[in-house]
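Protein chains in written order, with this note's numbering: chain A, 3 to 335; chain B, 44 to 397.
Glycine included, every Cβ here is placed at the ideal spot set by N, Cα and C.
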């Protein structure tokens, strides 16, 4: 893919500094510092109302930031938006289209709006995109008659029509069946393999873990975490310890908590779990020490095994309610 | 890539060349205008509404044409004019039909048929068409009212504003497309009306002058100018009300508001004009009388009607309007500045949350 002279391989395609947006008294985005590099498939995670869509809208110039700056491709989006937008394809929230037009006509309208000439080459490109999103057979039908999955694919086609360098996908799998979700995931992977930079906002954390190399996690407009997915998963190293009875599990929990208080700082956190089990955020290499600690108090475990945290666990820990963060004071007391 | 163990094929490199047109301001504006025209002509609502309006015009002309044909079948005696004299009391008239000679009756029929036929042939038919279009200006709201509000209702406004052109270019393109659509509609109406009128003219029995009697008329040039100018004024009248709908659609981000408020504005102007006219008759002098007479001179419809009336006066028809052309042009210009300027300002500055 041809690289624009403004951006070298490692520079940020998207960069925000202290990006803030207020809607009256509501702080939708609060001093957000975001960075996407060329070639990233960047997961944008957060519960409803965390500011993801607001951020995407600000990136595209639909909303004016209250304060802070946004740069895309090294250009300031408040002054150079018209140079930026032709290089971006986006789906924001629900797919939008002209329901009274056919799929083909919708793409033609987008093509003309994007600055493409109304000629044979554009028509060929539209046919190409329809083929890519598997809508060729229904291209001439009015979009009002499309299924939700077809509308979603059309929206993706619109986003990819001009072969943009940056693709912003806000909840692209909303309302899709499992086959549709799989297709979108494959498409995102193909986008990445094509060298495009993708910003993916999604609630389906398993999918994000499958396709993204970097993520940012938001809550109430704040950035809680940003980094490489593999680093976050390593940070989330965990052991599952299963005892014979619930009473033994509770005793083990108290024992390990006391050990943590008495200097075993390698135990990052403790959680009770179902089926007489408990989870420890601790290095896998410490498994034998844990076995020894428990054995000293005549607590013999039935099972101990590593359990890699998945993105969902990390996400829920960061944004979930207090009891999910493993507040041992509440449990012990 | 986290979690990906399989080889994923990249997207195919585009085979079709992606050709972009000029990014210069007016080239972009023209391309956007063509896009808007494409959307308008592909929209069933516009086609059906426009067809219904043209159909009603055709129906009206057909009905008039067959009335003229029916009148042509009447004997000359049916065209005898009555002579009325006033009696002693106010409103008391006595009307009688004098004994006309056959030649006089034939002449009366000829004159009557010529007057009716004049409405079917040029240039009279255009005058009639424009009078009808003037009286039905609210149809402009129906025809093009959804142009702005629908983008917000459908959410396609975020499609429009995130592809490269500026928001102002998008708005201006819509307004230009609106004007072009109305012009096309008017041209279609003129062609259909004129063609049908000439066919129906044959039913009148009046000999047809292919110079439309103009070259023999003392003020032929003036008549043509006045007719064409009237048509242009009516076109801009329609554009003005579609712009009213456009403004309210943009303001409220809604098609319903666009059509509802604009229609309400049209009705309100009519009601206000009538009430103020009555009030100014009741209060025959003083500052209130002057105020009641002045207010209608700042209404949109009143000023367009004045321009049209003054054109008729140019050809020796009606009396001139109480509103001068200069006043009318200034007021109408002011409305366009507010409506178009307001639409541009609203669009440029607002957050798009639709």
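Report the partner residues of residue 159 of chain B according to the DSSP bridge assignment.
Your numbering for residue 159 of chain B matches position 116 in the second chain. Per DSSP, none; premise fails for residue 159 of chain B.
Quick check: is the beta carbon of residue 84 of chain A nearer than 8 Å to any beta carbon in chain B?
To locate residue 84 of chain A, count along the first chain from 1; it is residue 82. Answer yes: the Cβ-Cβ gap between residue 84 of chain A and chain B drops below 8 Å somewhere.
Taking 8 Å as the cut-off, does the stretch 108–116 of chain A touch the stretch 190–210 of chain B (at least 3 CB pairs, one atom from each stretch)?
They touch, by the three-pair rule.
Within the stretch 209–259 of chain A, note down every full alpha helix (DSSP H) run reaching 4 residues or more, in order along the chain.
231–237
In whole angstroms, what separates the C-alpha of residue 391 of chain B from that of residue 379 of chain B?
Position 348 of the second chain, counted from the first residue, corresponds to residue 391 of chain B. Position 336 of the second chain, counted from the first residue, corresponds to residue 379 of chain B. So the alpha carbons of these two residues sit roughly 18 Å apart.
Using 10 angstroms around the beta-carbon of residue 126 of chain B, count the other beta-carbons present and answer buried if the total reaches 16, otherwise exposed.
Here the question's residue 126 of chain B lines up with position 83 in the second chain. So residue 126 of chain B counts as exposed.
At a cut of 8 Å, does the stretch 73–88 of chain B reach the stretch 97–106 of chain A through at least three beta carbon pairs?
yes
Would DSSP call residue 332 of chain A helix, strand or coil?
Translated into positions along the first chain, residue 332 of chain A becomes position 330. Note on residue 332 of chain A: pLDDT 41, under 50, position unreliable in the model; no value is reported.
Given a cut-off of 8 Å, decide if residue 148 of chain B and residue 113 of chain B are closer than it, judged by their beta-carbon atoms.
Counted from its first residue, the second chain places residue 113 of chain B at position 70. Counted from its first residue, the second chain places residue 148 of chain B at position 105. No; because the gap between Cβ atoms is not below 8 Å, this pair is not in contact.
Taking residue 156 of chain B and residue 297 of chain B to be in contact with their CB atoms under 8 Å, please state how far apart those CB atoms are, rounded to whole angstroms.
In the second chain, counting from the first residue as 1, residue 156 of chain B sits at position 113. In the second chain, counting from the first residue as 1, residue 297 of chain B sits at position 254. Rounded, the Cβ-Cβ distance is 52 Å, inconsistent with contact.
Which word fits residue 78 of chain B, buried or exposed, when buried means at least 16 other C-beta atoms lie within 10 angstroms of its C-beta?
Here residue 78 of chain B refers to the residue found at position 35 of the second chain. By the 10 Å Cβ count, residue 78 of chain B comes out buried.
Quick one: using the 10 Å Cβ neighbour count with 16 as the cut-off for buried, is residue 148 of chain A buried or exposed?
In the first chain, counting from the first residue as 1, residue 148 of chain A sits at position 146. It is buried - the Cβ of residue 148 of chain A has at least 16 other Cβ atoms within 10 Å.
Name the chain B residues whose beta carbon is nearer than 7 Å to that of residue 88 of chain A?
Your numbering for residue 88 of chain A matches position 86 in the first chain. 207, listed in chain order.
Based on the DSSP output, what are the partners of residue 275 of chain A in its beta bridges?
Taking the first residue of the first chain as position 1, residue 275 of chain A is located at position 273. Looking at the DSSP output, residue 275 of chain A bridges to A/279.
Helix, strand or coil, according to DSSP, for residue 154 of chain B in the structure here?
As a working note, residue 154 of chain B is residue 111 in the second chain. Helix, per DSSP.
Suppose the cutoff is 6 Å on Cβ atoms and the five residues either side in sequence are ignored; what does the same chain contact list for residue 191 of chain B look like?
Position 148 of the second chain holds residue 191 of chain B. So the list reads 289, 292 and 293, once near-sequence residues are dropped.
8 Å is my cut-off, CB to CB: does residue 61 of chain B come that close to chain A?
Locating residue 61 of chain B in the second chain gives position 18, counting from the first residue. True, the Cβ-Cβ gap to chain A drops below 8 Å.
Among the candidates A/261, A/150, A/214 and A/156, whose CA atom is the shortest distance from the CA of residue 130 of chain A?
By one-based count along the first chain, residue 130 of chain A stands at place 128. The option with the nearest alpha carbon to residue 130 of chain A is A/156.
Against chain B, which members of the stretch 142–157 of chain A pass a CB distance test of less than 8 Å?
none
Between residue 347 of chain B and the rest of its own chain, which residues show a CB-CB distance below 6 Å, the 5 nearest in sequence each way excluded?
Translated into the one-based positions of the second chain, residue 347 of chain B becomes position 304. Around residue 347 of chain B: 280.
Please state whether the Cβ-Cβ distance between residue 53 of chain A and residue 18 of chain A is less than 8 Å.
Your numbering for residue 53 of chain A matches position 51 in the first chain. Your numbering for residue 18 of chain A matches position 16 in the first chain. Taking 8 Å as the cut-off, the Cβ atoms of residue 53 of chain A and residue 18 of chain A do not count as close.
On the DSSP bridge assignment, give the partners of residue 39 of chain A in chain order.
Start at 1 with the first residue of the first chain, and residue 39 of chain A comes out as number 37. Residue pairing by DSSP puts residue 39 of chain A in a beta bridge opposite A/14.
Could you tell me whether the Cβ atoms of residue 336 of chain A and residue 240 of chain A are closer together than 8 Å?
A question about residue 336 of chain A goes unanswered here, because the residues of chain A that appear run from 3 up to 335.
Taking only beta-carbon atoms, is residue 42 of chain A less than 8 Å away from chain B?
Here residue 42 of chain A refers to the residue found at position 40 of the first chain. It does not; no Cβ of chain B falls within 8 Å.
Could you tell me the distance, in whole angstroms, from the CA atom of residue 134 of chain A to the CA atom of residue 95 of chain B?
Reading the first chain from its first residue, position 132 is the one you call residue 134 of chain A. Reading the second chain from its first residue, position 52 is the one you call residue 95 of chain B. Approximately 41 Å, taken between the alpha carbons.
Is there contact here, the stretch 56–69 of chain A with the stretch 174–190 of chain B, by at least three beta-carbon pairs under 8 Å?
no
Please classify residue 70 of chain B: is it buried, with 16 or more other beta-carbons within 10 angstroms of its beta-carbon, or exposed?
Residue mapping note: residue 70 of chain B aligns to position 27 of the second chain, counting from 1. Exposed: under 16 other Cβ atoms inside 10 Å.
Examine chain A for any beta-carbon lying closer than 8 Å to the beta-carbon of residue 53 of chain B, and answer yes or no.
Counting from 1 along the second chain, the entry for residue 53 of chain B is found at position 10. Yes, residue 53 of chain B lies at the interface with chain A (some Cβ there is under 8 Å from its Cβ).
Pull up the CB-CB distance for residue 343 of chain B and residue 375 of chain B, whole angstroms please, since I reckon it's below 8 Å.
Residue 343 of chain B sits at position 300 when you count from the first residue of the second chain. Residue 375 of chain B sits at position 332 when you count from the first residue of the second chain. With 8 Å as the limit, residue 343 of chain B and residue 375 of chain B qualify as a contact, their Cβ atoms being about 7 Å apart.
Helix, strand or coil for residue 200 of chain A per DSSP?
Against the first chain, residue 200 of chain A aligns to sequence position 198. Residue 200 of chain A falls in the strand class under three-state DSSP.
So with Cβ pairs under 8 Å, would you call residue 296 of chain B a contact of chain A?
Numbered from its first residue, the second chain carries residue 296 of chain B at position 253. So no, residue 296 of chain B is outside the interface.
Report the three-state DSSP secondary structure of residue 34 of chain B (helix, strand or coil).
Since the first and last residues shown for chain B are 44 and 397, residue 34 of chain B lies out of range.
Check whether chain A comes within 8 Å of residue 221 of chain B, counting only Cβ atoms and requiring the distance to be less than that.
Counting from one through the second chain, the residue named residue 221 of chain B turns up at place 178. Cβ-Cβ to chain A under 8 Å: no for residue 221 of chain B.
List, in order along the chain, the chain A residues whose C-beta lies closer than 7 Å to that of residue 66 of chain B?
The residue you call residue 66 of chain B lines up with position 23 of the second chain. Simply 117.
Among B/316, B/358, B/356 and B/353, which one has its Cα closest to the Cα of residue 338 of chain B?
For this step, residue 338 of chain B is matched to residue 295 along the second chain. The residue with the shortest Cα to Cα distance from residue 338 of chain B is B/316.
Who are the neighbours of residue 289 of chain B on chain A, taking C-beta pairs under 9 Å?
As a first step, residue 289 of chain B is located in the second chain; it is residue number 246 there, counting from the start. Listed along the chain, the chain A residues whose CB falls inside 9 Å of the CB of residue 289 of chain B amount to none; the nearest CB is some 18 Å away.
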